[in-house]
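Just so you know, the sequence shown maps onto residues 2 to 204 in our numbering.
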Amino acid sequence: MDLNSPLFDRIRVKPEQRQERREAPRFRCDAPGCEAEGAYRAPMGRQREGQYFCFCLEHVREYNNSYNYFNGMSDADVARYMKDATTGHRPTWTMGVKRGQSAFREDRVRDGDFADPLGLYRQRYHRGRPQAESAASNHSAVTLKALNALGLEETASAEAIKTRYKELVKRHHPDANGGDRSCEERLREIIHAYKTLRAAKLV
2 MDLNSPLFDR IRVKPEQRQE RREAPRFRCD APGCEAEGAY RAPMGRQREG QYFCFCLEHV
62 REYNNSYNYF NGMSDADVAR YMKDATTGHR PTWTMGVKRG QSAFREDRVR DGDFADPLGL
122 YRQRYHRGRP QAESAASNHS AVTLKALNAL GLEETASAEA IKTRYKELVK RHHPDANGGD
182 RSCEERLREI IHAYKTLRAA KLV
C-alpha cells in the first residue's frame, strides 16, 4: 500500500469534539454532624432495598460493623426468611401432592366410564377388576414386570417360565440371527427377567 497516494488526501477526518466530563455529584456524609464527602454507599436495610446512605470512609466502616439485616425480626421470622431464601422467595409446591381431581380414577375404569383408545390400562385391569384384586396379586411389581418381559401371565407355572425362557433365548441370541448384535439388548432383558423370577422362587 502506498501511503503517499493522493487518495489519502481526500479522506476527511471529523475533528475531535471536546467532551465535557460530567463529574458525579458529590454528597455530604449522612452521619449526623459530619461534613466530609459521602463517597461510600451503604444499604438502608430490610424493606428499603435499593436505597442507600452515603457515608465517608470512617462512618461507613462503623455502619457496616453494626449493620444487621434481621434486626427487629423474631427467630421464627428469621428461620422462615432463610427457608424462603433457598428458592429465591418464590412460591413452591410439594411434589406428589394431588391437587384437584385426577383424570384417571380406578372406579371409572371398573365401571367402564374411562376412554382407553390405546389400551394402556387394559393389561392392568382384567375384566373390570384391577390386578390388585385378582387371584395372583401376591406377586411384587418387579416380579410382574419380569413376567411381562417374558410375555407370560401372572399365573404361569415354573415349567411354562422355563420353556418360554429357552424359546426367547434361542430366538434372540446373536448366533441364531447370523451374528446380528441388534438383539443383544432384548436378550439381556430376557436373562435379567428370568434371574428375577428365579430370585422370587417362581422357577
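Ideal placement from N, C-alpha and C gives every residue a C-beta, glycine not left out.
Here the structure is a predicted model, which is why all the values come from computation and not from measurement.
contact_flag[the segment 82 to 91, the segment 54 to 67] where n(CB pairs < 8 angstroms) is 3 or more: no
Residues that DSSP places opposite Phe54 in a beta bridge: Start at 1 with the first residue of the sequence shown, and residue 54 comes out as number 53. Under DSSP, Phe54 takes part in a beta bridge, and its partners are Ala43.
C-beta contact flag for Thr144 and Ala77 at 8 angstroms: For the purposes of this step, residue 144 is taken as the residue at position 143 of the sequence shown. For the purposes of this step, residue 77 is taken as the residue at position 76 of the sequence shown. At a Cβ-Cβ threshold of 8 angstroms, Thr144 and Ala77 do not count as neighbours.
Spatial distance of Glu154 from Leu188 (CA atoms): Counting from one through the sequence shown, the residue named residue 154 turns up at place 153. Counting from one through the sequence shown, the residue named residue 188 turns up at place 187. Rounded to the nearest angstrom, the two C-alpha atoms are 20 angstroms apart.
Tyr53 to Asn66 span [Cα, whole Å]: In the sequence shown, counting from the first residue as 1, residue 53 sits at position 52. In the sequence shown, counting from the first residue as 1, residue 66 sits at position 65. So the two alpha carbons sit approximately 16 angstroms from each other.
Arg29 in three-state terms, based on DSSP: In the sequence shown, counting from the first residue as 1, residue 29 sits at position 28. Note: Arg29 maps to strand in three-state DSSP.
In DSSP terms, what Glu38 is bridged to: Taking the sequence shown and counting its residues from 1, one reaches residue 38 at position 37. Looking at the DSSP assignment, Glu38 forms a beta bridge with Arg29.
Where the alpha helix (DSSP H) through Asp181 begins and ends: Taking the sequence shown and counting its residues from 1, one reaches residue 181 at position 180. Premise fails: Asp181 is in no alpha helix (DSSP H) and is neither H nor E.
Cβ-Cβ distance between His193 and Cys184 below 8 angstroms: Within the sequence shown, numbered from 1, the residue matching residue 193 stands at position 192. Within the sequence shown, numbered from 1, the residue matching residue 184 stands at position 183. No; because the gap between Cβ atoms is not below 8 angstroms, this pair is not in contact.
Of the residues Arg182, Lys167, His140 and Glu168, the one placed nearest Thr156, counting alpha carbons only: As a first step, residue 156 must be located in the sequence shown, where it is residue number 155. Minimum Cα distance to Thr156 is reached at His140.
Burial state of Leu8, where buried means 16 or more other Cβ atoms lie within 10 Å: Reading the sequence shown from its first residue, position 7 is the one you call residue 8. Classification for Leu8: exposed.
Closest Cα partner of Leu198 within the set Ala43, Ala161 and Phe71: Walking along the sequence shown from the start, residue 198 turns up at place 197. Taking only the C-alpha atoms, the option nearest Leu198 is Ala161.
For Val170, the first and last residue of its enclosing alpha helix (DSSP H): Here the question's residue 170 lines up with position 169 in the sequence shown. Ala159 to His173 is the extent of the alpha helix (DSSP H) around Val170.
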